[in-house]
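Notes follow the structure.
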Amino acid sequence: MLAYIVRRLLYALPILIGVNLVTFALFFVVNTPDDMARMQLGVKRVTPEAIEKWKVERGYDKPLMFNSAANGVSTVTDTIFFEKSARMFVGDFGRAEDGRDIAREIGNRMLPSLAIALPTFILGLFVTITFALTLAFFRATAFDFWGIVLCVAAMSISGLFYIIGGQYLISKVWRLVPISGFGDGLEAWRFLILPVLIGVVSGIGSSTRWYRTIFLEEVSKDYVRTARAKGLPETLVFFRHILRNALIPILTGIVVVIPMLFMGSLLTESFFGIPGLGSYTIDAINAQDFSVVRSMVFIGSVLYIVGLILTDISYTLVDPRIRFE
Amino acid sequence: MMGFQIVVLWSDVLIWLLVAAGLGVGVLIAKTPPLLAAWRRVGANRVGMASATVLLVFVLIGLLDSLHYRAQLESKAGQKAVYAIEVLSVLDALAAPLRSRNEKTYSAPFATRLYAKETIDLPGQGAVRDYPRLKHGGKHLGEREDEVAEDAAFTAFKAGVLSFVAWLGVFAAVATVNRKKSPKMKLREAAFAWDAVLLTLLLILLIAVPLFWLSGHYHVFGTDKVGQDVLYQILKSVRTGLIIGLVTTLVMLPMAVLLGIVAGYFRGWVDDLIQYLYTVLNSIPGVLLIAAAVLMMQVVIDTHPEWFSTAAERADLRLLALCFILGITSWTGLCRLLRGETLKLRELEYIQAAQAFGVSSWRIIVRHILPNLMHIVIIALVMDFSGLVLAEAVLSYVGIGVDPTMTSFGTMINNARMELGREPVVWWSLVAAFAAMFILVLAANLFADAVRDAFDPRAA
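Residue numbers (numbering that gives the first Met the number 0), protein chains in the order written: chain A, 0 to 324; chain B, 0 to 459.
What follows is the structure, encoded as structure tokens:
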């Protein structure tokens with residue numbers, strides 16, 4: 000098992016290097032640091048001296064990948080690639096435009112992101128699985144039909160509508176909870192209820208349909224027929240046999256998103272003013288802070304790859320037929 | 000008749016290319032019995048055909064909006080012709096009253112007065128603070144301002160009757176053709192779901208015709224902050240949504256199909272390389288990759304203003320760049336599916352027979368493998384469309400979507416979002432944008448389901 004995990008981790012390394020190279024190419028080769036400087040300083044009326052100063056301040060004045068002016072190891076290390084891209088592997092993300100350390104900022108913002116994402120994820124999973132199981136239980140009835148109609152309609156509504164509509168109705172008209180903001184410690188719950196609720200509701204449509212298909216696939220299998228032939232009542236067939244077996248594809252399918260919960264949600268966080276990683280990213284995009292966007296791309300990829308590894312491990316855990324090879 | 004200069008935007012080229020490709024594929028399908036049978040199953044699906052009718056209306060609006068020109072400005076005789084800097088489309092010309100009859104600022108649907116109070120000079124009474132009368136909305140009513148409801152209802156009724164008569168004509172035509180083709184069969188028993196199409200058509204006519212009739216006298220969906228008619232904005236947004244949904248697939252399709260099949264067929268290091276490529280691209284969170292690429296694109300656009308002669312061309316390039324980036328982030332799923340399926344297909348006897356006969360690899364791929372993957376490609380195409388339309392709205396909100404000057408559902412929602420805080424609430428722009436988007440996406444989703452049911456061999 001341990002050897003398997005180590006091998007998977009080693010396999011992840013070339014992928015991370017690939018991600019790093021892609022982002023490097025996107026941020027430094029497609030666009031030169033001069034372009035970035037012009038963008039930040041304003042396109043018009045910018046002097047070459049100002050651009051040079053901007054580059055020196057941020058260490059963008061170095062050669063891209065190979066410094067022929069330096070000697071020894073520093074021909075490779077004294078370059079933009081090493082300083083800005085390669086050092087991300089050890090968690091050194093440099094500074095944002097406002098001079099703050101990005102790594103520390105990310106550390107501070109992970110918790111608020113998780114405070115929204117984790118309850119949304121767990122509650123959402125519970126609600127959709129329950130709903131999908133009910134639909135599958137009453138399959139081919141009017142209830143199932145209208146449930147599916149509801150799901151397709153819910154899928155077709157823009158995620159923005161759920162957020163804007165929810166905020167307007169619950170916070171502005173009914174004045175039940177604050178529209179946006181975030182508090183420290185336990186006080187935060189008043190701010191969390193609405194985003195979590197909206198997150199759950201907006202996910203119902205597509206997930207329910209997906210899970211219902213999985214349940215229906217199980218329903219037509221032989222072991223279910225056997226269970227019925229034994230004389231088990233339908234409820235018992237569902238809860239003891241179908242639910243358990245269908246949970247395998249469902250759970251292994253969602254393991255990949257668990258690490259991504261740290262990244263938070265761009266939309267929810269920016270609408271509700273939550274100081275998490277999602278709103279950090281949005282602010283960076285709007286302020287065109289390239290170093291923050293670059294760091295978030297890297298962290299996102301790391302978390303995704305962790306998710307992939309967890310998925311593989313979870314497969315081997317739930318299905319004894321799969322071996323570590 | 001004033002002269003005009005035809006402007007061909009890159010997105011126009013692509014969208015008409017898509018229409019041509021669609022027709023080509025149609026001919027190809029007609030010659031391929033299994034595909035034709037599958038499309039016949041789609042045609043028999045009532046929900047599928049009803050949604051296809053709705054989609055067709057959207058596509059028609061989008062196509063009308065994809066023929067661009069620049070109108071000639073009035074100039075003295077003998078002078079060289081000067082063309083307006085504004086790029087218009089055929090849709091703009093058809094909806095000219097909607098486009099030009101702007102108010103000063105917000106006004107509610109069917110309002111005759113502005114949303115905000117202003118100081119007005121009344122003859123004989125001096126300056127008064129009141130809601131000023133709209134310049135265009137309900138102008139024909141003159142002094143009888145309080146009769147809006149009666150007038151609107153009467154106009155809508157007239158238009159409704161007219162559209163019903165028109166529909167009866169269509170109905171009679173379809174019924175006659177059907178009777179000629181199969182004399183014994185009633186319309187609702189026909190192999191093609193004519194009843195669903197006709198019913199949807201009736202519904203569309205009953206809503207659209209009165210709406211357009213009324214829009215000549217009122218702002219049926221109100222006006223926005225700068226006084227532009229919301230209905231006009233909705234019409235313009237359709238093209239943006241369609242381009243995002245369709246051109247993106249055009250970008251992603253060649254990559255996904257080629258790489259997926261090649262990886263599955265040749266295996267070995269080719270497979271490893273392609274798998275590596277899509278795992279890398281997949282592991283970068285989509286939104287962030289799009290954000291990074293759009294930011295970069297914006298830098299390029301801003302530093303090269305000399306490339307574009309009009310603002311429309313600049314916005315158009317950004318739209319295409321967005322499609323391109325969305326395509327790059329979304330091809331991996333289809334590629335993986337195709338790779339897996341090709342791995343299975345290449346072990347089948349008929350492929351092995353072809354190999355034994357010495358048929359070249361490319362010929363095997365094109366003649367024997369590709370046709371057997373078509374159902375996956377078609378299902379993936381229709382399933383992706385609705386997701387892309389929804390994604391546009393979110394991306395535009397985040398600030399990495401289409402150019403802010405380009406009308407789209409996303410920019411409409413983004414502009415209207417702030418107005419919910421006003422008192423009284425300015426709700427119409429937001430509701431209209433969400434409703435139009437909902438109808439488009441719902442129709443696309445339902446159509447995609449019908450296509451999947453017809454093409455997926457497992458579903459039968």
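Yeah, the Cβ is synthetic: ideal placement off N, Cα and C, and Gly gets one too.
>> Spatial neighbours of residue 94 (chain B) within its chain, please: C-beta separation below 7 Å, excluding the five flanking residues on both sides.
In response: Sequence index remark: in the second sequence, residue 94 (chain B) carries index 95 (1-based). Only 231, 234 meet the Cβ criterion.
>> My output table needs one value for residue 100 (chain A): the three-state DSSP class, helix, strand or coil.
In response: Locating residue 100 (chain A) in the first sequence gives position 101, counting from the first residue. Correct three-state label for residue 100 (chain A): strand.
> Can you name, in chain order, every residue of its own chain whose Cβ lies under 6 Å from the Cβ of residue 145 (chain B), other than the five neighbours on each side?
Replying inline: The residue you call residue 145 (chain B) lines up with position 146 of the second sequence. Excluding positions up to five away in sequence, the list is empty.
> At a CB-CB cut-off below 7 Å, which residues of chain B make contact with residue 160 (chain A)?
Replying inline: Taking the first sequence and counting its residues from 1, the one referred to as residue 160 (chain A) is at position 161. Per Cβ cutoff of 7 Å: 433.
>> I'd like to know whether the C-beta of residue 0 (chain B) is nearer than 8 Å to at least one C-beta of chain A.
In response: By 1-based counting over the second sequence, the position of residue 0 (chain B) is 1. With a pLDDT of 48 at residue 0 (chain B), under the threshold of 50, the modelled position of this residue cannot be trusted; read the value that follows with caution. False, the Cβ-Cβ gap to chain A never drops below 8 Å.
> In whole angstroms, what separates the C-alpha of residue 165 (chain B) from that of residue 391 (chain B)?
Replying inline: Position 166 of the second sequence holds residue 165 (chain B). Position 392 of the second sequence holds residue 391 (chain B). One C-alpha to the other measures close to 36 Å.
> Which residues, taken in chain order from the segment 410-421 of chain B, show a beta carbon closer than 7 Å to some beta carbon of chain A?
Replying inline: 412, 416, 419
> By how many angstroms is the C-alpha of residue 137 (chain A) removed from the C-alpha of residue 225 (chain A)?
Replying inline: Numbered from its first residue, the first sequence carries residue 225 (chain A) at position 226. Numbered from its first residue, the first sequence carries residue 137 (chain A) at position 138. If I take the Cα positions, the gap works out to 20 Å.
> Touch check for the segment 293-300 of chain B and the segment 243-258 of chain B: three-plus C-beta pairs under 8 Å?
Replying inline: no
>> So with CB distances below 8 Å, who are the chain B contacts of residue 34 (chain A)?
In response: As a position in the first sequence, residue 34 (chain A) is number 35, starting the count at 1. Per Cβ cutoff of 8 Å: 298, 299, 302.
> Assuming residue 112 (chain B) and residue 140 (chain B) make a contact with CB atoms under 8 Å, what is their CB distance in whole Å?
Replying inline: Here residue 112 (chain B) is taken as the residue at index 113 of the second sequence, counted from 1. Here residue 140 (chain B) is taken as the residue at index 141 of the second sequence, counted from 1. Not quite, the Cβ-Cβ distance comes to about 12 Å (not below 8 Å), so this is no contact.
>> According to DSSP, is residue 105 (chain B) part of a helix, a strand, or is it coil?
In response: If you number the second sequence from 1, residue 105 (chain B) lands on position 106. Note: residue 105 (chain B) maps to coil in three-state DSSP.
>> As an exercise, report each continuous alpha helix (DSSP H) stretch of at least 4 residues that is fully enclosed by the segment 250-292 of chain A, in chain order.
In response: 265-271, 276-285
>> Quick check on residue 441 (chain B): does DSSP put it in helix, strand or coil?
In response: Start at 1 with the first residue of the second sequence, and residue 441 (chain B) comes out as number 442. DSSP places residue 441 (chain B) in helix when its eight states are reduced to three.
> Can you give the beta carbon distance from residue 316 (chain B) to residue 375 (chain B), rounded, assuming they're within the 8 Å contact cut?
Replying inline: By one-based count along the second sequence, residue 316 (chain B) stands at place 317. By one-based count along the second sequence, residue 375 (chain B) stands at place 376. Not really, about 32 Å apart at Cβ, beyond 8 Å.
>> Please identify, using Cβ separations under 9 Å, the residues of the segment 150-184 of chain A that lie next to chain B, in order along the chain.
In response: 151, 152, 154, 155, 156, 157, 158, 159, 160, 163, 164, 166, 167, 171
>> Let's test the definition: count the other Cβ atoms within 10 Å of the Cβ of residue 459 (chain B) and tell me whether it reaches 16, buried, or not, exposed.
In response: To locate residue 459 (chain B), count along the second sequence from 1; it is residue 460. Residue confidence for residue 459 (chain B) is low, a pLDDT of 44 falling below 50, so the modelled location carries little weight; the figure read from the coordinates is stated next. Result: exposed.
>> Using the Cβ count rule (16 or more neighbours within 10 Å means buried), how would you classify residue 428 (chain B)?
In response: Reading the second sequence from its first residue, position 429 is the one you call residue 428 (chain B). The residue in question, residue 428 (chain B), is buried, as its Cβ has 16 or more Cβ neighbours within 10 Å.
> Who are the Cβ neighbours of residue 60 (chain A) in its own chain at under 8 Å, not counting the five residues just before and after it?
Replying inline: Taking the first residue of the first sequence as position 1, residue 60 (chain A) is located at position 61. Closer than 8 Å at the Cβ level, and outside the excluded window around residue 60 (chain A), lie 32, 51, 54.
>> Buried or exposed for residue 129 (chain A), going by 16 or more other Cβ atoms inside 10 Å?
In response: For this step, residue 129 (chain A) is matched to residue 130 along the first sequence. Classification of residue 129 (chain A): exposed, given that the 10 Å Cβ count is below 16.
> Is it true that the CB of residue 299 (chain A) sits closer than 8 Å to the CB of residue 277 (chain A)?
Replying inline: The residue labelled residue 277 (chain A) in the question sits at position 278 within the first sequence. The residue labelled residue 299 (chain A) in the question sits at position 300 within the first sequence. Result no, Cβ atoms of residue 277 (chain A) and residue 299 (chain A) do not sit closer than 8 Å.
> Given 8 Å as the limit, is there contact between the segment 440-450 of chain B and the segment 355-371 of chain B, that is, 3 or more CB pairs closer than that?
Replying inline: no
>> Going by DSSP, what residue range makes up the alpha helix (DSSP H) through residue 149 (chain B)?
In response: Within the second sequence, numbered from 1, the residue matching residue 149 (chain B) stands at position 150. 147-180 is the extent of the alpha helix (DSSP H) around residue 149 (chain B).
> Mind pulling the alpha helix (DSSP H) runs of 4 or more residues that sit fully within the segment 48-95 of chain A?
Replying inline: 73-76
>> Classify residue 152 (chain B): buried if its beta carbon has 16 or more other beta carbons within 10 angstroms, exposed otherwise.
In response: Locating residue 152 (chain B) in the second sequence gives position 153, where the first residue counts as 1. Exposed, by the Cβ-count rule.
> Around the Cβ of residue 268 (chain B), are there at least 16 other Cβ atoms within 10 angstroms (buried) or fewer (exposed)?
Replying inline: Here residue 268 (chain B) refers to the residue found at position 269 of the second sequence. Residue 268 (chain B) comes out exposed.
> residue 303 (chain A) touches chain B at which residues, Cβ-Cβ below 9 Å?
Replying inline: In the first sequence, counting from the first residue as 1, residue 303 (chain A) sits at position 304. In chain order: 281, 282, 283, 284.
>> Less than 8 Å between the C-beta atoms of residue 405 (chain B) and residue 318 (chain B), yes or no?
In response: Numbered from its first residue, the second sequence carries residue 405 (chain B) at position 406. Numbered from its first residue, the second sequence carries residue 318 (chain B) at position 319. Contact flag set, yes.
> Cα-Cα, which of A:270, A:296, A:1 is closest to residue 170 (chain A)?
Replying inline: Start at 1 with the first residue of the first sequence, and residue 170 (chain A) comes out as number 171. Out of A:270, A:296, A:1, A:270 has the C-alpha closest to the C-alpha of residue 170 (chain A).
>> By DSSP's criteria, residue 117 (chain B) is part of a beta bridge. Which residues make up the other side?
In response: By one-based count along the second sequence, residue 117 (chain B) stands at place 118. The partner list for residue 117 (chain B) (beta bridge, DSSP) reads B:129.
>> Please return the same chain residues whose Cβ sits closer than 7 Å to the Cβ of residue 77 (chain A), not counting the five positions on each side in sequence.
In response: As a position in the first sequence, residue 77 (chain A) is number 78, starting the count at 1. Result list for residue 77 (chain A): 61, 66, 69, in chain order.
> Can a CB atom of chain B be found closer than 8 Å to the CB of residue 213 (chain A)?
Replying inline: Taking the first residue of the first sequence as 1, we reach residue 213 (chain A) at position 214. By this cut-off, residue 213 (chain A) is not an interface position.
> Where residue 102 (chain A) and residue 243 (chain B) are concerned, what is the direct C-alpha to C-alpha distance, given to the nearest angstrom?
Replying inline: Here residue 102 (chain A) refers to the residue found at position 103 when the first sequence is read from its first residue. Here residue 243 (chain B) refers to the residue found at position 244 when the second sequence is read from its first residue. Spanning the two alpha carbons is a distance of roughly 36 Å.
> Taking the alpha-carbon positions, what's the residue 170 (chain B) to residue 210 (chain B) distance?
Replying inline: Here the question's residue 170 (chain B) lines up with position 171 in the second sequence. Here the question's residue 210 (chain B) lines up with position 211 in the second sequence. Cα-Cα distance, rounded: 22 Å.
>> Using a Cβ-based criterion (distance less than 7 Å to any ligand heavy atom), does residue 264 (chain A) qualify as near the ligand PLP?
In response: No copy of the ligand PLP appears in this structure; indeed no ligand is present at all.
> Which value, in whole angstroms, describes the spacing of the CA atoms of residue 351 (chain B) and residue 360 (chain B)?
Replying inline: On the second sequence, position 352 is the one that residue 351 (chain B) refers to. On the second sequence, position 361 is the one that residue 360 (chain B) refers to. Between residue 351 (chain B) and residue 360 (chain B), the C-alpha separation is close to 11 Å.
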